[in-house]
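Here the structure is laid out as structure tokens; the discussion comes afterwards.
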Amino acid sequence: FERVGRGLELTEAGRELLVHVQGMGDAAYRAALTASAQRSEITGTVRITASDIYSSTYIPQMIVEVRKRAPALKIEVVATNDISDLMRREADIAIRHLRPEQPDLVARLVREARGRFYAAKVYLDKRGRPQTRDELGNHDWISYGDIPRMVEYLSAMDIPLTADAFKAGSENGLVAWEMARAGLGICAMDDFVGDQSDEMERILGNGLFVDYPVWLVTHREVHTSPRIRLVFDVLAEAIAAI
């Protein structure tokens with residue numbers, strides 16, 4: 231620092247050190263939270279809300295890490311896509327794919343994920359494997375909820391679909407995925423999940439995908455609540471590492 235009048239200002243060397251010092255401070259804060267949790271000082275319940283896919287495939291292992299750091303903490307998972315559950319205080323932390331606009335919420339972009347389109351090998355053996363986007367219009371599709379919105383979105387990707395192409399569907403992503411695994415048609419899925427199913431096959435290989443953001447959202451009190459901050463940080467680290 232250098233003294234300016236009655237105050238202090240960072241020098242150029244100080245500004246260079248600042249980035250490293252901030253990282254050290256964040257690490258020290260997380261270490262202090264973990265140490266406090268091991269002394270059972272972090273207690274209570276934290277509710278996490280996420281889509282049904284994230285709730286079933288990602289969050290359970292993340293909760294294992296939370297429990298290691300805070301054994302006295304209770305975690306509840308609410309599987310829903312509605313951001314209003316945060317605003318109504320029905321959840322403390324949300325994993326979402328759209329950045330919320332509400333001023334009372336804090337959002338952090340933690341991952342750029344990639345979704346692809348899949349179909350069961352038994353379905354493709356019967357109906358044929360499409361080689362172009364135009365050919366996708368001749369196949370059966372499985373919807374997630376709003377069919378007109380899906381038609382609009384896929385049409386923008388040069389996939390010529392109509393509402394009649396969707397022969398099955400569900401508001402629940404897990405149900406829709408199981409329909410695809412049963413051979414009912416083509417379904418979108420996070421590639422981390424889709425590639426783990428041996429009976430499923432990517433449509434058009436690596437040539438067809440959708441990138442989408444993963445936001446971690448919470449109330450502004452994350453800065454003052456040790457239990458919410460701890461879970462928020464664990465989730466952020468785990469999702470970024472996927």
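For the sequence shown, our numbering gives the first residue as 231, with consecutive numbering after it.
For glycine and all other residues, C-beta sits at the position ideal for the given N, C-alpha and C.
In this text, all values refer to a predicted model and were calculated from it rather than measured experimentally.
Member of the options whose CA lies at the smallest distance from the CA of residue i
i: Val440; options: Phe347, Val234 and Ile372; result: Phe347
i: Leu422; options: Ile472, Arg411, Leu414 and Ser400; result: The sequence as given places Phe at residue 422; Leu does not occur at that position. It is Ile472 whose Cα lies nearest to the Cα of Phe422.
i: Arg344; options: Gly437, Ser400, Gly244 and Asp370; result: Gly437
i: Arg457; options: Arg277, Ala258 and Leu240; result: Arg277
i: Trp371; options: Ser385, Ala393 and Val444; result: Ala393
i: His449; options: Pro333, His250, Ala257 and Ser285; result: Pro333
i: Phe396; options: Ala302, Ile305 and Gly375; result: Gly375
i: Arg411; options: Glu382, His369 and Ala349; result: Ala349
i: Leu316; options: Leu303, Glu331 and Lys304; result: Glu331
i: Ile305; options: Thr279, Ala418 and Ala257; result: Thr279
i: Thr275; options: Ser281, Ala258 and Ile293; result: Ile293
i: Gly435; options: Ser281, Asp425 and Val444; result: Asp425
i: Trp445; options: His250, Ser281, Ala257 and Glu246; result: Ser281
Extent of the continuous alpha helix (DSSP H) run through residue i
i: Asp282; result: Asp282 to Thr287
i: Met387; result: Looking at the DSSP string, Met387 is not in any alpha helix (DSSP H), and its letter there is neither H nor E.
i: Arg357; result: Lys351 to Arg357
i: Ala406; result: Gly403 to Arg411
i: Gly424; result: Asp421 to Gly424
8 Å contact criterion, which residue i and residue j should meet: CB distance rounded
i: Phe462; j: Ile323; result: 6 Å
i: Arg326; j: Val234; result: Wrong, their Cβ atoms sit about 44 Å apart, outside the cutoff.
i: Ile377; j: Gly399; result: 7 Å
i: Ile469; j: Arg341; result: 5 Å
i: Ala321; j: Val336; result: Not confirmed; about 14 Å, so no contact.
i: Ala302; j: Thr273; result: 4 Å
i: Pro443; j: Leu339; result: 6 Å
i: Gly413; j: His369; result: Actually they are not in contact, since the Cβ atoms of Gly413 and His369 sit about 12 Å apart, beyond 8 Å.
Close beta carbons around residue i, own chain, < 7 Å, minus the five adjacent residues each side
i: Ile283; result: Gly403, Leu404, Asp420 and Val423
i: Leu384; result: Leu391
i: Ser285; result: Val307 and Ala309
i: Thr362; result: none
Where the beta strand (DSSP E) through residue i begins and ends
i: Ala466; result: First-last for Ala466: Pro456 to Ala470, but that is the alpha helix (DSSP H), not the beta strand (DSSP E).
i: Ser427; result: Note, Ser427: premise wrong, no beta strand (DSSP E); not H, not E.
i: Ala324; result: Ile323 to Arg326
i: Phe231; result: Looking at the DSSP string, Phe231 is not in any beta strand (DSSP E), and its letter there is neither H nor E.
i: Gly210; result: Here the chain comprises residues numbered 231 to 472, so residue 210 is not present and cannot be evaluated.
i: Leu303; result: Leu303 to Ala309
i: Gly399; result: Phe396 to Ser400
Nonlocal neighbours in the same chain, by C-beta distance under 8 Å from residue i, ignoring five residues either side
i: Leu248; result: Leu240
i: Leu238; result: Phe231 and Glu232
i: Arg236; result: none
i: Glu246; result: none
Contacts around residue i, its chain only, beta-carbon distance under 6 Å, and the 5 residues preceding and following it disregarded
i: Ala418; result: Gly345 and Phe347
i: Met380; result: Ser373
Meets three-Cβ-pair contact criterion under 8 Å: the segment 350–361 and the segment 414–434
yes
Would you be able to state if there are at least three C-beta pairs under 8 Å between the segment 404–418 and the segment 293–303?
no
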